[in-house]
Structures are given as structure tokens and as C-alpha cells.
Amino acid sequence: MPIQENVALAPLTTFQVGGPARFFLEATTIAEVQAGIEFARAHDLPLFVLGGGSNLVVSDAGWPGLALKMAVGGIEEHCQDGQARFEVGAGEPWDRFVARAVARNCAGVECLSGIPGSVGGTPVQNVGAYGQEVAESVDSVLALDVRDGQLHDLCAEACGFSYRTSIFNTGERGRYVIVRVTYALTPGGAPRIAYADLKKHFAGWRKTPTLADTREAVRRIRALKGMLITPGDEDSRSAGSFFKNPVVGAAEHGELEKRAAARGLQIPSYPALVSQKKVSAAWLVEHSGFGKGYGSGRVGISRKHALAIVNRGDATAVDILALKEHIQQRVEEIWGVRLEPEPVFVGF
Ligand SMILES: Cc1cc2nc3c(=O)[nH]c(=O)nc-3n(C[C@H](O)[C@H](O)[C@H](O)COP(=O)(O)OP(=O)(O)OC[C@H]3O[C@@H](n4cnc5c(N)ncnc54)[C@H](O)[C@@H]3O)c2cc1C
């Protein structure tokens, strides 16, 4: 088993910050994943599972234990009861799978086009965008339990999906290494065009948009927002949205409305947000003095999206944390809401 030492993690993340992993293993088979878990246990090392590194802030000191890079690949397709099942290795790039599903004319993940990272990363925070989330299409998750080294086949209900959460990033954080995800998609299904940006994109179209049209539209909209990893675009050197949209109760929403009115503003209320009692974190950030393009140092806010903290080159994890805390503090002072970060902090 080729365990490497002192491997730089920054180039393996989209933020491109952070120090090395003390030990590193790229696991291409389930047996190698098992061997990695055993190595960490035998040497009493903390284990970190690295997917595509697109939702991480790695500390400048790096990771003191074993970083296990998930590289189990493969996509298998089966048709059953009018549904198409795709069994996908956790190390497959997510967007490669979406492209395959769309090419097979299977609906269910088309709005999730262009999200970076691995397939195994998608159940962890129940990845979602443009009116779709993987909770709707995940059929089951095959995962190794680090406690006993056994494989568990978890059905969707057992994954406990909710907004940006699952058991994998809450109650059972650190327990499972996901090795395969099975998605159930609808052959010949219509694309989901529910989100305002997508509706606007297709307004005036004479033909009904296909899944492929929807995928292309989503990727195009994402690129305009710096939310598609594009070589040379420093606004995509980020972890995507840095804060979750806060979920608020009626009383808290009323309070926000009052504070907004006192400033001559109105809290935005898109149907997608209202139905889930969410408030736009991007709006809160932008109306707390952190507009697009904020900051002139090594970190700042994307010029295309107020919710993305970006590495403008040579940023450190400390720089990112400082800006994160500054934003959280100002938003709380002005709006009375504490923003919760979306990325995972590694080695802090
Ligand atoms: C430009 C950009 C745009 C983005 N847009 C979106 C978006 O629209 N919607 C959205 O939801 N997210 C978005 N993200 C965030 C990110 O892409 C997703 O959360 C993605 O699913 C993370 O997957 P990953 O493989 O990169 O995971 P990593 O970043 O490598 O890891 C994230 C967490 O998942 C765990 N993990 C990863 N793989 C496994 C595994 N096999 N088994 C167990 N645990 C694992 C890690 O240990 C870590 O805790 C965006 C990020 C960027 C940079």
C-alpha cells in the first residue's frame, strides 16, 4: 500500500490553501480504503477523507494524521421498475457523472451540473443548487464504518438528509468512508426548471428545454457567478458559497424585516427561500459592507458573488479565517443573525 509522507494538500483543494498531510494514501479500491483505515488505527492517527477538496479550508499546519484521498471509480447503470440506477464510485468526479446521466436522458441531477468535487462528497452536505438536491435522487450509500471496518449499505432515509446536512456531517461525522453512491433517476424525465435564474434563462424559448439544455444553462449561469471552476478565473479559487442561508422562524424574520425597513431595504423573498424559511446569506453579507469584489489583500469577496470568499493568490488559512470572522461579526451586529460557514475546517 503506497502510503506517502508530508504531501501538500493545498493543490488538492479548490481554495488552494493549507499545509501538508503527515501521511497520505490515494485509495482506488475498497480494499485499499480498508487498508488505510487499518493503518490509521494501528498507528493511532486521525483519519481525514479527502474527496475533490472543493468544500475545505485546510489549516496552515496541515493534517497531523492520514489523509485518505478517495479514488474508487466506476459508473454502472441498471434499469429497474422504470427507474435508472447509477452505481457510482465515490472517487468519480461529480460533474462527469451528471454529464453521463444527462447524455442518457435521465432526469434528477441536471440542475446540479458544474458542482465541483467527487461523487462521495455529495451525500455529505446533501449538495444542492438551482432547485434540486441529491437527497431527491440518492437511493443508497455504501460506506465503510471506521469503527469495525464493515461495509454498510445505507438507504436514503438512514442518511438523514436535510438542508446542507446528513448524518455524515452531523451525528455520525467521521464514522463512515463513503465508497459508492447509488442514484435513482427518471429515464426521459423533464428537467426541473423551478429556480428564478433558470426560468429567466429560458424565458422566450420556443422549444421545451431538454435536460442537455438545462445542464448547459446551469453551467453558463454558474460560470457568470464564479461558481464553475474555470482555469484562470481567480473568482473560482474558493470553496463555493462560504456561508449557509440561515433558516429563521417567523419572529426572527419579522425582526429582520424591521431592521431592513429602518435602512430603507427589503429582505429578498424568492419562493425557494420562503418555502424553506431561509434568508439569503449573500444578501446579508452584501448589506453588511462586504460587496462583490470586497478586499484588496490576499483574500476577498468574489467579484461575481457576494457569498464566495476567494483566494486572490498566496492566501493563508489564517487570512481566510480572519475575513470569515469579520463578516460573521458585522452581520451579527447589523442583522442579529449568526452566519454558519458551509466548508469543512480541517486540522484546526
Ligand atoms: C466553485 C464552487 C461551487 C460550489 N457550488 C456548490 C453548490 O452549488 N452546491 C453545493 O451544495 N455545494 C457547492 N460547492 C461545495 C462543494 O463542491 C460540494 O460540497 C462538494 O460535494 C464537496 O465534495 P468534495 O468531493 O470536493 O468533498 P471535500 O471538499 O473533499 O470534502 C468535504 C467533506 O466531505 C467529506 N468527504 C468527502 N468525500 C467523502 C467520502 N467519500 N466519504 C466520507 N466523507 C467524505 C470530507 O471528509 C469533508 O468532511 C461548491 C464549491 C466550489 C469550489
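Under the numbering used here, residues 35 to 382 are what the sequence shown spells out, in order.
Where a beta carbon is used, it is the ideal one built from N, C-alpha and C, also for glycine.
Residue i CB to nearest heavy atom of ligand 1 below 6 Å
| i | result |
| --- | --- |
| PRO150 | yes |
| LEU90 | yes |
| LEU84 | yes |
| SER93 | no |
| THR248 | no |
| ILE212 | yes |
| GLN300 | no |
| GLN166 | no |
| GLN159 | yes |
| THR62 | no |
| SER272 | yes |
| GLY155 | yes |
| GLY162 | yes |
| ALA124 | yes |
| MET104 | yes |
| VAL67 | no |
| THR242 | no |
| THR48 | yes |
| VAL281 | no |
| GLY87 | yes |
| VAL378 | yes |
| MET35 | no |
Bridge-paired residues (DSSP) for residue i
| i | result |
| --- | --- |
| LEU410 | Residue 410 falls outside the range modelled here, since the chain spans only 35 to 382, and no answer is possible. |
| GLY334 | VAL344 |
| HIS321 | According to DSSP, which records beta bridges pairwise, HIS321 is partnered with nothing at all. |
| ARG214 | GLY123, LEU176 |
| GLN168 | According to the sequence as given, residue 168 is Val; it is not Gln. Beta-bridge pairing links VAL168 to no other residue. |
| THR220 | ALA141 |
| LEU188 | VAL175 |
| ILE109 | VAL122 |
| GLN363 | Paired residue(s): none; GLN363 is not in a bridge. |
| GLN50 | Answer by DSSP bridge pairing: none, since GLN50 is not bridged. |
| LYS312 | VAL281 |
| SER200 | None, per the DSSP bridge assignment. |
For residue i, the nearest candidate out of the options (CA to CA)
| i | options | result |
| --- | --- | --- |
| TYR210 | SER88, GLU268, LEU341, LEU84 | LEU84 |
| VAL67 | ALA95, LYS103, ASP78 | LYS103 |
| THR204 | GLY331, ASN160, VAL153, ALA230 | ASN160 |
| ARG138 | TRP369, ILE368, ILE109 | ILE109 |
| ALA307 | TYR229, PHE57, GLY123 | Reading the sequence as shown, one finds Leu at residue 307 and not Ala. Out of TYR229, PHE57, GLY123, TYR229 has the C-alpha closest to the C-alpha of LEU307. |
| ALA44 | LYS326, LEU262, VAL92 | VAL92 |
| ILE361 | ARG256, VAL136, GLY323 | GLY323 |
| ARG271 | ARG337, ALA285, GLU289 | ARG337 |
| ILE64 | GLN300, MET35, ARG207 | MET35 |
| LYS326 | ASP231, LYS259, ALA285 | LYS259 |
| ILE255 | LEU146, ALA190, GLY288, ILE201 | LEU146 |
| VAL86 | THR48, PHE379, GLU121, ALA224 | According to the sequence displayed, residue 86 carries Gly and not Val. When each option's Cα is compared against that of GLY86, the closest is THR48. |
| GLN184 | GLU72, VAL319, GLU111 | GLU72 |
| PHE277 | ARG214, VAL344, PRO221 | VAL344 |
| ASN24 | VAL122, ASP348, SER275, VAL180 | No information on residue 24 is available, as it lies outside the stretch 35 to 382 that the chain covers here. |
| LEU373 | SER314, PHE382, ILE335 | SER314 |
| ILE354 | VAL371, TRP369, ILE368, VAL378 | VAL378 |
| ALA224 | THR242, LEU232, THR216 | THR242 |
| GLY381 | ASP115, GLY53, CYS113, ALA285 | GLY53 |
| PRO294 | GLU320, LEU262, GLY208 | Note on residue identity: the sequence assigns Ala, not Pro, to residue 294. Out of GLU320, LEU262, GLY208, GLU320 has the C-alpha closest to the C-alpha of ALA294. |
| GLN38 | ALA69, VAL51, ASP94, LEU100 | LEU100 |
| ARG130 | SER330, ASP348, GLY154, ARG346 | GLY154 |
| TYR164 | ASP173, ALA135, LEU232 | LEU232 |
| GLU191 | GLU206, ALA169, GLY208 | ALA169 |
| ALA218 | ALA285, CYS189, THR244 | CYS189 |
| VAL41 | ARG75, TRP317, GLY96 | GLY96 |
| ALA76 | VAL180, GLU206, VAL122 | VAL180 |
| CYS113 | GLU376, THR220, GLN300, HIS235 | THR220 |
Contact with chain B by residue i, beta-carbon distance below 7 Å
| i | result |
| --- | --- |
| PHE236 | Considering every chain present, this structure includes no chain B. It has just one protein chain. |
beta-carbon residue i near ligand 2 non-hydrogen atom, thresh 6 Å
| i | result |
| --- | --- |
| VAL51 | Here the bound small molecules are ligand 1; ligand 2 is not part of this structure. |
Can you list, in chain order, the stretches of the alpha helix (DSSP H) that have 4 or more residues and sit fully within the stretch 67 to 96? Runs of the alpha helix (DSSP H) spanning 4 or more residues and lying entirely within the stretch 67 to 96 do not occur at all.
Entirely within the stretch 225 to 308 and at least 4 residues each: give me those alpha helix (DSSP H) ranges in chain order. As for any alpha helix (DSSP H) of minimum length 4 sitting wholly inside the stretch 225 to 308, the runs are 230 to 236, 245 to 258, 284 to 296, ordered along the chain.
What runs of the alpha helix (DSSP H), each 4 residues or longer, lie entirely inside the stretch 112 to 161? Complete alpha helix (DSSP H) runs here, min 4: 128 to 137.
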